[in-house]
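Each remark here refers to the structure printed beneath this line.
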Amino acid sequence: MALTDPAFDYDDYQSRPDLDPPPATPPITAERNILDPGFELTLRPMRYPQFFDMYRDAIKNTWTVDEIDFNDDLADLANKLTPAERHLVNRLVAFFATGDSIVANNLVLNLYQHINAPEARMYLSRQLYEEALHVQFYLTLLDNYIPDHDERQAAFAAVENIPSIKQKADFCFKYMGSLNGVTELRTKDERRQFLMNLICFATCIEGLFFFAAFAYVYFLRSKGLLNGLADGTNWVFRDESMHMNFALEVVNTVRAEEPDLFDDAMNQRISDMLDEAVDVEYNFAEDLLREGVTGMSLKDTRQYLEFVADQRLTQLGLPLRYNASNPFSFMELQDVQQLANFFERTVSSYQTGIEGTVNFDEDF
Amino acid sequence: MALTDTASTTQVADTNGHKPGDDITFVDDAPTLSAPQMRVRKRDNSFEPVDPMKIVGRIQRCGEGLDGVDPMRVATRTMSGLHDGATTVELDELAIRTAASLIIEEPNYSRLASRLLATYIHEELRNTNVKSFSQSISAGRLVGLINDQTADFVEAHAAQFNGAIDHDRDKLFEFFGLRTVYDRYLLRHPETRKVVETPQYFFMRVACGLATEPDEAITFYNLLSSLEYLTSSPTLFNSGTAHPQMSSCYLLDSPLDSLESIYKRYTDVARLSKHAGGIGLSYSRIRSRGSLIKGTNGLSNGIVPWLKTLDSSVQAVNQGGKRKGAACVYVESWHADIYEFLELRDNAGDESRRTHHLNLANWVPDLFMQRVENDWQWSLFDPKNVPHFVDLYGEEFERAYIEAEEAGAYDRQVSARDLYSRMMRTLAQTGNGWMTFKDASNIKCNQTGAPPVAGEPPRVVHLSNLCTEILEVTNQDETAVCNLGSVNLSRFVTTDDAGDPTFDFDKLGEVVRTAVPFLDRVIDINFYPTDEASTSNSAWRPIGLGIMGLQDVLFKLRLPFDSPQALELSTRISEEIYYWALSTSCDLAERNGPHPTFEHTRAARGELQYDMWADAVPSDIARFDALKERISTHGLRNSLMIAIAPTATIASISGCYECIEPQVSNLFKRETLSGEFIQINAYLVRDLQARGLWTADMIAEIKTAEGSIQDIDGIPDDLKQLYRTAWEVPMRSLIDMAAARGAYIDQSQSLNLFMETPTIGKLSSMYLHAWKAGLKTTYYLRSRAATRINQTTTTTNRFSDQDAVACSLENPESCEACD
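Going line by line, the protein sequences match chains A and B.
Just so you know, we're using the numbering used here here: the first sequence kicks off at 40 and counts up by one.
Just so you know, we're using the numbering used here here: the second sequence kicks off at 563 and counts up by one.
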C-alpha cells in the first residue's frame, strides 16, 4: 500500500451522506466497548485507568538523543569490528530507521483512529512522540556511522534497494493496508481485521522484528562493542516494551469485552501471521549474518526467533507453536538489573517526575 | 589457547563418565557435538576441521577441581555459535564468553572462564616470544612503554624477580576481574595492540615501579598478587611506565573572577584529565548572571556558559583511551546561579545551558541547613559582592553571611526550603547534585588546624573531589592531589579455633603497615601534570587508604548490614586501619622527617580525627594515647591518610563488593568498556545449594524479581534478612554506620545512598539526618527507572486472560500482571 493513502478526515466524514452521523455521547452507564466507533472524550470516570497509568509511566522515562555518547562507537567501527560485524551493523541501522517510521505511520492511520478511549489516545500520542524520537536516534546513528555519502544515501533508502529489508517492509504494509477504507469498526470482521493489525504491529513488528534487532545490538554489547548504540537501544527497547504491553493490554481489553471475536479461525490466523514473521525475519538474518559472525550462528538465530514468537503466543493466550528455548545467553544479560560504572557509561535509569514536599519525618 | 593445536589430544571422558562419541543428551538443545562441515582458520590462515574433542579437552583441563562445572556443556554451546571459517582466536573468545554466560547457574563457571582467559592471555604473550618477567620489561622499554629507571632496576635483579613470579595466583581471579585486567590494565604494544605482560608480570611491574630495593618490590608484589590490597587504577595503569602519573584525584580551587583565570583552569583540567585523574573543581568565585562587567559595561551571563565549555573540554580529553575524562563541579549554596546550576543535567530545556557529562555537587554551609530546618529565608549572592565568603567557614562564615545579608548585599532572597526542595529534585532526577557539607569538611580536617597567617593564602577546604572522598585545602597556588589504595577486607575473614569465621585484625594491621609506605612513595616519584599539584603534594603529602569488600565480610560472618554487630565491626575495622596508618606514617616521619606543613595541622596540636567527633571513643584508647606521644616527638609523614574511594574497578579486579556498600542486587550485570557481564551473589547461591533450594525455577524467580529475594516463597527468613540489597536495607543504618566510622576517616567516604522511588519528603528527611549525623560528604543518590524493559528469557505467562480481566475491569490495584 502507499503511505499517502488519505487518513481519516472528520469534515469529509461529516459531509458523507452514506454514513451514519457520529453517535452522540451515550450516558456513562451504558455498555460501551473500546472498539465502538466514535470520539469518546470523557475522562472521568475513567474507564481504562491502566492506559492513563501507562501514559504517566512513559513520561517518567523521557530521554533525549543528545544524552548519548557516540564517541566510542566511531572508534569501534573503525578499529574493532570485523567486516562481517560491520555489515551487520549497517544493515541493522538501516532497518531501524525505516522500521520506526512505519510503526509511527500505522499508529496515526489505524490505531489512533479506532481505539476509542481518550486515556488510551493519550498513551498513543505519547507513543507517537517516542517513535519520532527513535527515528531521530537512528537518523543520528546513520549520519554518524556511515561517513560515505553514497553509502549513507543507500542506507536511508534501504526499504527500496535492500531486498531483505524491503521484504520486512512489505510484510508491515500488508497488514497496515488491510484496514484501507475502513473508517469505522462496525462488523465483527472489521474488528478482527483491526485486531490483526494491532497484533501484527505489537507482536510481529515491535515484538519480533525489533526484539531480533535488539538481540544483534546486545550481542555486540556483550562483546563490549558500540556502547552508544547499546545505550540508545536500551532506551528504545524500554519504550518498545511499553508499546507492546500497551497493545497487548488493548487486546486483552477487547477480549474481555467481546470474547467471541477470538474464535479458532482468528487464533489460527494470528499464529500463522507470527510464523510468517519468523520467516521474514529469518531471511533478514541470512543477509545480516551472511559473512559469518562468531557467536551468532543462523541456526541459533532461527531458534531465538521461534523462542520469541512462542513468548508472544503465550502473551496472547495462544498455544506454543515451536517449543523453542532461548539459545542466546547474552540475552539473559538484558533481563538483569544494570550496575553502571559511572566512570565509563552514562546511567540510563533515572526518572523524571518527582513528587512531594520538604519534611523531616519520613522513613528512609 | 589455541583450541585447534595439534598437540596432545588425549581422549577424555566428560564428567558423567561418558566416552567421547557416546550419544549424550545435554541440558542444552544442541544434541550432539558433531559438526562435520565446520572449519576454523588458524593464525597462518590455513583451514582445519573443527575437532570437538580438542575443544572439550581444553575446557576440561581448565575446569579441573571446579565443582558443579560441566565442560561438555561449554563445549557444546561454543560449537553451536560457530560459523564455518571462524578464526581460532574467535573460537577461543567464544569459549570464554560461553563459560562466563553460565555463571548465573553455578558461580564456579566464573573460575572456569577466568582460567580459560588466563590461558588465552599467556598464549597471546608467548606468540610475541616473551617468556619471562624481565623479558616483558625489556620488550616494554624497547617500544617506549617502560621508563629507564624501572627497566634498569628490573634488569639488575632479573633472576630474583623472575623467580618470584607465581602464575598460579592467576587462579585467584574471578572472571570479571581478569577480564578487566586483560582489557584495560595490561600494557599493550603500541602498534600490534598485543599484551606485553601477563597478569602476574603486571603486578610485578607495578611493584617495581614503586620500590627501591628488590626485597621491597617482592613484598609489594606478594601483597598485590594476593589481592589483599590494590592501589588505585592510575597507579596500576602507570607505575613503572614512561608516564608515571599515579594519582587518582585532583582538586582545584575555583578560578578567580577573571577571564584569564577561567581560561587557565581549562588548561589545568585538560592536563590533569589527560593523565587519568578525576577532577573536582569549584566555581564559587565566579560572578553570577546579571553581574556588571566593568571592562565592557556589559552584564555577565553567569557560570553556566563557562561550565558548558568545561563540559566539552572534559569530553575532548579522553584519558589515554583508557577511560573517559570526568569532572565534578562544586558550587556553594549561596551562589546566585545555584538554581541554574541545579538544572545543568536536566534532559529537557535549552541545550546551551545543559552539561550532560559534568557531575555536580552542592557545597553546603551549616547555616543553610539550619535555615531549611527552621523554614527561614535564604539570601543568594553575587560572588563579586562577597568575594570573602569562599575562604570562610564555621562561625566566621556565619558572621560574614549575616552581615552581608543585613547590609542588603544579596542578589535576591528565596525560601531556604524552596532551594532545598530543588536540590532534592535534582538528586532524584539525575542522581547528581551531591550534598557535601562545607563546615564539617573544614572543621574536621587535619589541614585546617592553625590560624591563618597574614600574607599567606588561607588554609581552607573549598571542595571535595570527583568521588567525594577527598578533602584537602586548595588555593590558587595549590591543587590538592591524592593517591589511593584499598584494602580488600574480604580476604581477612579466617576461621577461629572453634571453626567459626572471624575477622583477622592482626593481618589487617600487617597489610596496612605494608601499604602505607607505598602510597607515600608515590608522592616522590609521581609525575605531576601541573606545578600547583606538585607544590601541594610535596607540602602536605596526603594519601588515601581505603577499604573494599565490607559486604563480603558481613556475608561471611552472617551479619545483616543494619545489625548492631555490623556497625560495631565496621567501626572497629576503620579504627584499626586509622591507628596503623598513623603509626606507620609516624615511623616514616621518624626516618625521613615530618611533611613540611606538619606544624599547621591539628595532629601537631595533639588532635586526631576521633577527637573532632563528639561521641567517638576508640576501643583501645591507651594505644592512641601512646601514639600521640610519638607523634608529638616525630610528627607525621602525611597530613591525611584515610579516604574511602568507590573502588568500582579495583573491587572488580579483586572479586569483592565495592568499598563500604551493601550489595546492589543478588543478581545484576556490570556494564563496562569491556562489555557486559553477569554477577551473581555466590554467598547466596552456596547457602541455597546447601539447603537444596538452588534450582532453575529459583534462578528464574530471582531474575524476575530483579535480584531481590524478599518475596520469593520458600527462602528462609534468615537468608532473606542477610541477603537484602541496598534498596532494602534502611538508609538510616547506612548513614549511621558511615558516621560511626567517620571518627577514623580523616578525609571522607564515597557514600552512595539508594532509594527505589525517591520523593522530596523522603530525601529531605534523609539528607537532614546525614547532615546532623556529622557526615562530611555524600555521593550519588541511586534510584531506579520508572518502567523496565520486558524480560526476554523468562517465560512466565504474564498476560493470561484471567489476569487481564481481573486487572483491567475489576480491581486495578491488586493486579500484578503489569508490575
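For glycine and all other residues, C-beta sits at the position ideal for the given N, C-alpha and C.
- Contact between B:Y791 and B:V1073 holds: their C-beta atoms lie close to 5 Å from each other, under 8 Å.
- The beta carbon of B:V1055 sits closer than 8 Å to the beta carbons of P1063, T1064, F1065, D1066, D1114, V1115, K1118, L1119 from its chain, once the five residues preceding and following it are set aside; these are given in chain order.
- Straight across, the Cα-Cα distance linking B:S1345 with B:N1004 is about 30 Å.
- From the beta-carbon of B:T1339, no residue of chain A is found nearer than 9 Å; the closest lies around 16 Å away.
- Counting of Cβ neighbours within 10 angstroms places B:H950 among the exposed residues, the total staying below 16.
- The segment 728-736 of chain B makes no contact with the segment 748-757 of chain B; the number of CB pairs closer than 8 Å stays below 3.
- Under DSSP, B:S1026 forms a beta bridge with B:L1033.
- Scanning chain A for C-beta atoms nearer than 7 Å to the C-beta of B:P1320 yields I393, reported in chain order.
- Close to chain B, meaning a Cβ-Cβ distance shorter than 7 Å, is no residue of the segment 114-127 of chain A at all.
- For B:W1256, the three-state secondary structure derived from DSSP is coil.
- Three or more Cβ pairs closer than 8 Å define a contact, and the segment 1163-1172 of chain B falls short of that threshold against the segment 1260-1279 of chain B.
- For a Cβ distance threshold of 9 Å, nothing in chain B lies close to A:M305: the least Cβ distance comes to about 14 Å.
- Taking a beta-carbon distance threshold of 8 Å, B:D646 counts as an interface residue toward chain A.
- Collapsing the DSSP output to three states places A:A363 in coil.
- With 16 or more other Cβ atoms from the protein chains shown falling within 10 Å of its own Cβ, A:D270 counts as buried.
- B:G852 sits in a strand when the DSSP states are folded into three classes.
- Within the same chain, D732 come within 6 Å of B:A680 by CB-CB distance, once the 5 residues on both sides are set aside.
- Within 10 angstroms of the beta-carbon of A:L80 lie fewer than 16 other beta-carbons, which makes it exposed.
- For B:Q975, the beta-bridge partners assigned by DSSP are B:S941.
- At a cut-off of 8 Å between beta carbons, B:Q991 contacts chain A.
- B:M997 and B:D908 have their alpha carbons spaced roughly 18 Å apart.
- Ranked by Cα distance from B:L628, the first of B:L678, B:V651, B:H719 is B:L678.
- Residue state for A:C243 is assigned as helix, using DSSP reduced to three classes.
- Shortest Cα-Cα distance from A:L82 to any of A:F90, A:P76, A:D75 involves A:F90.
- With contacts defined as CB atoms closer than 8 Å, A:L180 and A:V132 qualify as a contacting pair.
- Taking one beta carbon from each stretch, the segment 620-637 of chain B and the segment 654-670 of chain B have 3 or more pairs nearer than 8 Å; the two touch.
- Following the DSSP letters along the chain, one finds B:E610 inside the beta strand (DSSP E) bounded by residues 609-611.
- For B:R1103 and B:P1158, the gap between their C-alpha atoms comes out near 9 Å.
- Minimum Cα-Cα distance from B:D1039 among the listed residues B:V1022, B:D1177, B:N1045 corresponds to B:V1022.
- Contact of A:L372 with chain B by beta-carbon distance below 7 Å involves K1231, E1238, I1240.
- Per DSSP, the unbroken alpha helix (DSSP H) holding B:C624 starts and ends at 614-624.
- Within the segment 912-935 of chain B, the residues whose Cβ lies closer than 9 Å to any Cβ of chain A are, in chain order, E913, R916, H918, H919, N921, V934, E935.
- If you ignore the 5 residues before and after B:A1244, its C-beta comes within less than 7 Å of the C-beta of P669, all in its own chain and listed in chain order.
- Taking 8 Å as the cut-off, the Cβ atoms of B:C811 and B:G842 count as close.
- Contact between B:L942 and B:L922 does not hold, since the beta-carbon distance rounds to 17 Å and is not under 8 Å.
- According to the DSSP secondary-structure assignment, B:L1229 is paired through a beta bridge with B:I1242.
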